[in-house]
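S.K.:
Residue numbers (this note's numbering): -3 to 423.
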């Protein structure tokens, strides 16, 4: 029966592949999504579907082989010595966590005074000074704290005031659709962790309708994405004229970019050998440039801002202006690494590493749908553009370091028995 069970990290991996590879490709087979004709045209999505399926099967097979060697079953194997204590505990103490969250609130308020919600599409992140850098860095760390506060291992405790401060900071630093999801996860953490009687009632309701709530926020997420790009008034006009089907189409279009990027690269693998080295140039130059900008130097931009921008130009035939980008996705990222498909073994090791971090943090207990939504969003940050994550000043790198360090701390926190969990009605 072990082969039919999945850990938290494996479930996130499955959800990711279903969401960004299987559902969009099947949807395109059924209704022929128009977005590809705004890019470079039709691709062979059958090959992309099979590539994704085989990759997923191999990853899960490797995971199960390791799990079978572990007498603890599907819990991450941890070697502990008696009396061994984490030296990293202070990083996740209530004082440290609250300093991060309230610093995020203060910086995000300053961000709101200087920039608009369309910042990502109208301004250069690396040339806009220290405020945006601090805002997005603190947002990343604070979001990981909020997500990990939902772990049944009780890694981090967040008081309601801290969660409200985080939600206010998200409001001030709103720059895209994912901020809606961050707010939703914060609400989930508030309801899950609070001992208030009223919220206990909300927990019981939410535990039965969590999946429905996720579906209900999809229109808000899509609208937020359009608001970020074209402004609030234009977004209202756009949606009021198109209705629900507009939201559905835009949602499928957004999910489709990962599949399209993979299909496009599989169509000409030789080209990706050159793209890998171009990605190295972008990451290396932007790493040094962002450091110098933070030091107060003025450095002209000689490359694209990110590998995601390079991917967007590739799949659109270099017909798109502005600074918009589209992450190549977990599988598309393979082709933006030096060596392209020859880096596949290392790419798989990285994905296995990320899955294991999730398992360390969340433990062996089951969770409600909002926890998996939060895990999916963080998983995207870590794998959607792996080459970009090599930049030490990128959001992906910051998230990877923060999540990895928290994973090290999690090894010293044992899984609680289900009956000992603070709020057993969530399991």
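All C-beta atoms, glycine included, are put in the ideal place defined by N, C-alpha and C.
On a predicted model such as this, the values are computed, not experimentally measured, just so you know.
To the nearest angstrom, how far is it from the Cα of residue 404 to the Cα of residue 88?
M.R.: 11 Å
S.K.: Are the CB atoms of residue 189 and residue 146 within a distance shorter than 9 Å?
M.R.: yes
S.K.: Expressed to the nearest angstrom, what Euclidean distance is found between the alpha-carbon atoms of residue 259 and residue 344?
M.R.: C-alpha of residue 259 to C-alpha of residue 344: approximately 19 Å in a straight line.
S.K.: If you drop the 5 nearest sequence neighbours on each side, which residues of the same chain put their C-beta closer than 6 Å to that of residue 312?
M.R.: 35
S.K.: Count the other C-beta atoms from every protein chain shown that fall within 10 angstroms of the C-beta of residue 175, then say buried if there are 16 or more, exposed otherwise.
M.R.: buried
S.K.: Are the stretch 333 to 347 and the stretch 299 to 308 touching, with three or more C-beta to C-beta distances below 8 Å?
M.R.: The answer is no - the stretch 299 to 308 does not touch the stretch 333 to 347, with fewer than three Cβ pairs under 8 Å.
S.K.: Which two residues bound the contiguous alpha helix (DSSP H) that contains residue 388?
M.R.: Neither: residue 388 is in no alpha helix (DSSP H) and is coded neither H nor E.
S.K.: Among 375, 372 and 350, which has the Cα closest to the Cα of residue 59?
M.R.: 350
S.K.: Compute the Euclidean distance between the alpha carbons of residue 186 and residue 156, then round it to the nearest angstrom.
M.R.: 6 Å
S.K.: May I ask you to report which of helix, strand or coil DSSP gives residue 291?
M.R.: Assigned with DSSP and collapsed to three states, residue 291 falls in coil, not helix or strand.
S.K.: With distances taken from CA atoms, which of 363, 111, 265 and 255 is nearest residue 14?
M.R.: Nearest option by C-alpha distance: 255.
S.K.: Taking the alpha helix (DSSP H) that residue 372 falls in, what are its first and last residues?
M.R.: Run containing residue 372: 365 to 379, per the alpha helix (DSSP H) assignment.
S.K.: What residue from 214, 369, 385 and 167 has the CA that sits closest to residue 7's CA?
M.R.: 369
S.K.: Using 8 Å for Cβ pairs, my map puts residue 358 next to residue 4. What's the rounded Cβ distance?
M.R.: 4 Å
S.K.: Going by alpha carbons, who is nearest to residue 257 out of 2, 27, 38 and 143?
M.R.: Comparing alpha carbon positions, the residue from 2, 27, 38 and 143 closest to residue 257 is 38.
S.K.: Would the beta-carbon of residue 329 fall within 9 Å of that of residue 270?
M.R.: no
S.K.: For the alpha helix (DSSP H) containing residue 87, list its first residue and its last residue.
M.R.: Element bounds for residue 87: n/a, residue is neither H nor E.
S.K.: Measure the alpha-carbon distance for residue 21 versus residue 111 and round it to whole angstroms.
M.R.: 37 Å
S.K.: Is the distance from the Cβ of residue 213 to the Cβ of residue 182 below 9 Å?
M.R.: no
S.K.: Pick helix, strand or coil for residue 106, following the three-state DSSP scheme.
M.R.: helix
S.K.: With DSSP run on the structure shown, which of helix, strand or coil describes residue 37?
M.R.: Three-state result, residue 37: coil.
S.K.: Kindly indicate which three-state DSSP category residue 253 falls into: helix, strand or coil?
M.R.: helix
S.K.: Does the distance from the C-beta atom of residue 282 to that of residue 324 stay below 9 Å?
M.R.: no
S.K.: In the DSSP assignment, find the unbroken alpha helix (DSSP H) run with residue 361 in it and report its ends.
M.R.: Counting along the chain, residue 361 falls outside any alpha helix (DSSP H), and DSSP gives it neither H nor E.
S.K.: Verify whether the separation of the beta carbon atoms of residue 279 and residue 387 is less than 9 Å.
M.R.: Their beta carbons are under 9 Å apart, which means residue 279 touches residue 387 by this criterion.
S.K.: Which term fits residue 30, buried or exposed, when burial requires 16 or more other beta carbons within 10 angstroms of its beta carbon?
M.R.: exposed
S.K.: Can you give the Cα-Cα distance for residue 424 and residue 315, rounded to whole angstroms?
M.R.: Any question about residue 424 goes unanswered here, given that the chain covers just -3 to 423.
S.K.: In angstroms, rounded to a whole number, what distance separates the CA positions of residue 321 and residue 250?
M.R.: 12 Å
S.K.: For my contact list, residue 326 and residue 12 are in at a C-beta cut-off of 8 Å; report their separation, rounded to the angstrom.
M.R.: 7 Å
S.K.: Residue range of the alpha helix (DSSP H) that residue 10 falls in?
M.R.: 4 to 13
S.K.: Excluding the 5 residues flanking residue 248 on each side, which residues of the same chain have their C-beta closer than 7 Å to its C-beta?
M.R.: Result list for residue 248: 20, 23 and 29, in chain order.
S.K.: Residue 245 to residue 41, Cα distance in whole Å?
M.R.: 18 Å
S.K.: Hey, quick one: how far does the alpha helix (DSSP H) through residue 307 stretch, first residue to last?
M.R.: The continuous alpha helix (DSSP H) containing residue 307 extends over residues 303 to 311.
S.K.: Taking 9 Å as the cut-off, decide whether the C-beta atoms of residue 168 and residue 107 are in contact.
M.R.: yes
S.K.: Quick one: using the 10 Å Cβ neighbour count with 16 as the cut-off for buried, is residue 264 buried or exposed?
M.R.: Burial state of residue 264 is exposed, judged by a 10 Å Cβ sphere holding fewer than 16 other Cβ atoms.
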